[in-house]
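Working notes for the structure below.
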Amino acid sequence: MFNAIKNRKKILGMNARNFSYVRPNNLKKAIRIADNKIVSKRILRKDGIPVPKLIAKISSYEDLENFDWNSLPSGFALKPNSGLGGEGIIVVYGRKKGREDAWVKADRSVVTTKDLKSHIRNVLDGNFSSSGVPDIAFFEERMQLLKLFKPYSYRGIPDIRIIVYNKVPVMAMLRLPTKASGGKANLQQGAVGVGIDLATGITTSAVQGKTKIIEYAPGTRLLLSGIKIPYWKSMLELAVRAQEISGLGFLGADIAIDKEYGPVFLELNARAGLSIQIANLDGLKERLERISGLKIKTAQRGVRVGMNLFGGEVEEEVEEISGKRVIGPVEKVKLIGRKGKEVEVEAKIDTGAGWSSIDSEIAKEIGFEKTVEEYDKLNISYQDIKDLSKKERWNIVKNVPYIDSALIVHSSHGTTYRPMVKVNLFMDKRNVSAKVTIIDRAQLKYPVIIGKRNLGRFLIDVNK
Amino acid sequence: MNTISPLINYFVSQGVPLETIILILMLPIIATMIAFFRQVVGIKAFGIYTPLIVTFAFLAMGVNGIKYGVIIFVSVIFIGMITRFILKKFRLLYLPRVAITLSVVAFSILTILVFGGTLHRTGLAAVSIFPLLIMIAIVEKFVTAQIEKGSKTAILLAVETLVISLIGYYLASWDILISVIVAYPYLVLFTLPINFVLGKWTGLRFAEYYRFREILKKM
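Protein chains in written order, with the numbering used here: chain A, 4 to 467; chain B, 2 to 220.
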């Protein structure tokens, strides 16, 4: 309850969306273009944004009478130009076998040319447009479902809604058509919305319809979290570029992924941003406030800002559950040696190495000058010690100052006998006390490698 | 005895009926109330016109008429819904379809009035014609909402409209409010600043606290 009072300011309600974001950022002219699907797709295509191909449009009864039905491909989508919320769309998968005048719809029912004609007449009369004004109907290419999404979606094509404000992608969700939504990717009709971590493109939490929080795809045991959306970064870029082109300062971009063509831009949306918050279980208002006033020059820059600011939820959750820190293949490490002397370097995280090792110059910097010097004076080669017992080997080096132990290491250097010292490694907010070998790594890219023995408290994300 | 503002007295002396003056002065108050329900509470109804006109239809039916008003409203929506389901398979164009729906609703209301008469419920038939016509015409709003937003939403909007109109009805026939307005008609002007505030209000609506409850809990 206490939280609710504190958190209400983070959520974007309808009043604030309309008054503070839609009204000042989305000019009437831009909204009119966005509401006109044919025009907005033409404009987007001109600027190199991939959109579904327009097959034909029908603007009048006369067009309808003269229309050549044989010119249609076997699969297509029939849409009202100014339709709202996915209403009035008919998707056809193929011709009915053995019939000239009939097709099979997405729900496997049959639709005849006569039915389509009557539907188009309804569209022309404005039955699906926002205020009943006469409309245009058009045919466009049907999208092909991506294999990855197949088990999660019921009939229709899932799409990805990305909210873009001030050239920064702010929040995103995957919309999955369900049985309840009749194969439409529209939350109000009962589709599923799955929140997406902006940095990684991995799904997080999910909602069905307007408020029902769910974990599994309806009717299955498939977890909705943890799906990695392909083409993630390029989709974010498409969304930002569409914002620049459309002139909508506050945009809901709908992008689908076609099996063959990859990301295809579906629709510009001037009034988005409410349900997406429930899918992500996070408030949009707070995010919008964080980026208002930023000066973003390019789409790439905007995408980077969005990924940095609004990503990382997945990682945080992994860290919370496992109790381990998630690190990348190269990580900043602070080495603390004798008398608290420390140095910070970039280390290579190397799961192929057993022990960690540090460059001799680094060793000198953190209080092991004497160790390095005295050991070098002994000038031990592997040939000299390979036939000695462990104890005999140790006796040769045990008087080197601050030495903890010594170790035979087989590596790209060849096989060497190396001194080891005790240091503290401070890495991603974790302190690890470690024994490390000292070797001359001057020729190598990273002065330090961290090996398996010191990585027990970490998980490694190679994409990081 | 109630005080009457000199302004109202002047209007009456010019031949405007007091009843009419009160109803007209109530209009800004009802409209503001509807705006408040939309912006702050989150009850949408069928826009502002429909609940307003239904409120006045209720008022025009009088104290005994309100229950008939509700019965007729519910019947209109119910019959409109059934007609839509019957007409759906004929795939008719919009206006002819609405015309048929309106006719069916009109015939049904007439039937209800006659049926009321046979049961000696003369109050029903005594309801004046214009409020009845207004109620019948509401079905168009309902059909439009059904097409654009689906049956479930349309029914919800109809219920919201009925609730708001009932509140409006009781507000506008509240004796205390009427005597205050008659005594101080200028108070009605206060609805203007209230609407300015509502027009700039960006807080969450009450209904949104419910809609976003999972986020409010989680964050």
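All C-beta atoms, glycine included, are put in the ideal place defined by N, C-alpha and C.
Fair warning: this is a prediction, and the values are worked out from it, not measured in the lab.
Strictly below 7 Å CB to CB, what residues from chain A border B/T1?
No statement about residue 1 of chain B is possible, as the shown extent of chain B runs from 2 to 220 and does not include it.
Helix, strand or coil for A/H413? Go by DSSP, reduced to three states.
Note: A/H413 maps to strand in three-state DSSP.
Ignore the nearest five residues each way along the sequence and tell me which others in B/I182's own chain have a CB closer than 6 Å to its CB.
Result list for B/I182: L26, in chain order.
I'd like the list of long-range same chain contacts for B/A126, defined as Cβ closer than 7 Å, with 5 residues on each side in sequence excluded.
Only L114, G117, G118 meet the Cβ criterion.
Can you look up A/P266 in the DSSP assignment and give me helix, strand or coil?
Strand at A/P266.
Tell me which residues share the same chain as A/Q280 and place their Cβ nearer than 8 Å to its Cβ, disregarding the 5 neighbours each side in the sequence.
I14, L15, M174, G286, L287.
Between A/Q147 and A/K262, which are expected to be in contact by the criterion C-beta below 8 Å, what is the C-beta distance as a whole number of angstroms?
The Cβ separation is near 4 Å, so the contact holds.
Give a yes or no on contact between the segment 127 to 146 of chain B and the segment 47 to 63 of chain B, applying the rule of three or more CB pairs nearer than 8 Å.
The segment 127 to 146 of chain B, when compared against the segment 47 to 63 of chain B, does touch it at the 8 Å Cβ threshold.
Does any residue of chain B have a CB that is nearer than 7 Å to the CB of A/D353?
No, A/D353 does not count as interfacial toward chain B.
Where A/E240 and A/R48 are concerned, what is the direct C-alpha to C-alpha distance, given to the nearest angstrom?
About 15 Å.
At the level of alpha carbons, what is the spacing between A/R244 and A/I299?
Between A/R244 and A/I299, the C-alpha separation is close to 12 Å.
Are the segment 147 to 166 of chain B and the segment 36 to 49 of chain B in contact at 8 Å, needing three or more beta carbon pairs?
A contact exists between the segment 147 to 166 of chain B and the segment 36 to 49 of chain B.
Within 7 Å of any Cβ in chain A, is that where the Cβ of B/I216 sits?
At least one chain A Cβ lies under 7 Å of B/I216.
Taking the alpha carbon of B/M82 as the point to measure from, which residue in B/S152, B/V198, B/I23 has its own alpha carbon closest?
Ranking B/S152, B/V198, B/I23 by Cα distance to B/M82 puts B/S152 first.
Grab me the residues of B/M2's own chain with a C-beta within less than 6 Å of its C-beta, minus the 5 sequence neighbours each way, in chain order.
Bear in mind that the predicted position of B/M2 carries a pLDDT of just 46, short of 50, making it unreliable; the figure below should be weighed with that in mind. Answer for B/M2: no residue qualifies.
Pick out whichever of A/S77, A/I216, A/E318, A/G101 has its Cα sitting closest to the Cα of A/G204.
Per the Cα distances, A/E318.
Just to make sure I have the definition right: I need the residues of chain B whose C-beta is within less than 9 Å of the C-beta of A/E90. Which are they?
Here the neighbours are I148, E149, K150, G151.
Which of the three DSSP states, helix, strand or coil, is assigned to A/E243?
Looking at the sequence provided, one finds Val at residue 243 of chain A rather than Glu. Reduced to three states, the DSSP call for A/V243 is helix.
Buried or exposed: which applies to B/L120, given that a residue is buried once 16 or more other Cβ atoms fall within 10 Å of its Cβ?
Classification for B/L120: exposed.
Give the secondary structure of A/T115 by DSSP, where H, G and I count as helix, E and B as strand, and everything else as coil.
Residue state, collapsed to three classes: strand.
Taking CB distances under 7 Å as the criterion, tell me whether A/I34 reaches chain B.
No, A/I34 lies away from the interface with chain B (no Cβ there is under 7 Å from its Cβ).
Is it buried or exposed for A/S384, if we count other Cβ within 10 angstroms and need 16 for buried?
Exposed.
For the segment 63 to 85 of chain B, enumerate the residues whose C-beta is nearer than 9 Å to any C-beta of chain A, in chain order.
The residues in question: there are none.
Which residues of chain B have a Cβ atom closer than 8 Å to the Cβ of A/I14, listed in chain order?
Under the 8 Å cutoff, chain B gives L205, E209, F213, I216, L217.
So which residues on chain B does A/I213 lean against when the C-beta distance must stay under 7 Å?
It should be noted that the sequence gives Lys, not Ile, for residue 213 of chain A. Going along chain B in sequence order, the residues near A/K213 (Cβ under 7 Å) are R212.
Helix, strand or coil for A/N169? Go by DSSP, reduced to three states.
Reduced to three states, the DSSP call for A/N169 is coil.
Any idea what DSSP makes of B/M82, helix, strand or coil?
The answer is helix: DSSP assigns B/M82 an H, G or I state.
Name the chain A residues whose beta carbon is nearer than 8 Å to that of B/R92?
D118, S121, H122, N125, listed in chain order.
Could you tell me whether the Cβ of B/Y11 comes closer than 7 Å to any Cβ of chain D?
Judged by its chain identifiers, the structure shown contains no chain D, and its protein chains are A and B.
I think A/V25 touches A/A273, with their Cβ atoms under 8 Å apart; what is that distance to the nearest whole Å?
Rounded, the Cβ-Cβ distance is 6 Å, consistent with contact.
Could you please give me the residues that DSSP links to A/E349 through a beta bridge?
Note: A/E349 sits in a beta bridge opposite A/K335.
Let me check one thing: in DSSP terms, what residues is A/A175 bridge-paired to?
In the DSSP output, where bridge partners are listed per residue, A/A175 has A/I165.
If I measure Cβ to Cβ from A/G417 and keep anything under 8 Å in the same chain, skipping five residues before and after, which residues do I get?
Closer than 8 Å at Cβ, skipping near neighbours: Y385.
What are the complete beta strand (DSSP E) segments, minimum 3 residues, inside the segment 184 to 247 of chain A?
Runs found: 195 to 199, 206 to 211, 215 to 217.
List, in chain order, every chain A residue whose beta-carbon is nearer than 9 Å to that of B/Q15.
Neighbours of B/Q15 on chain A: none; closest Cβ ~41 Å, over 9 Å.
Going by C-alpha to C-alpha distance, which of A/S415, A/V412, A/E372 sits closest to A/V403?
Ranking A/S415, A/V412, A/E372 by Cα distance to A/V403 puts A/E372 first.
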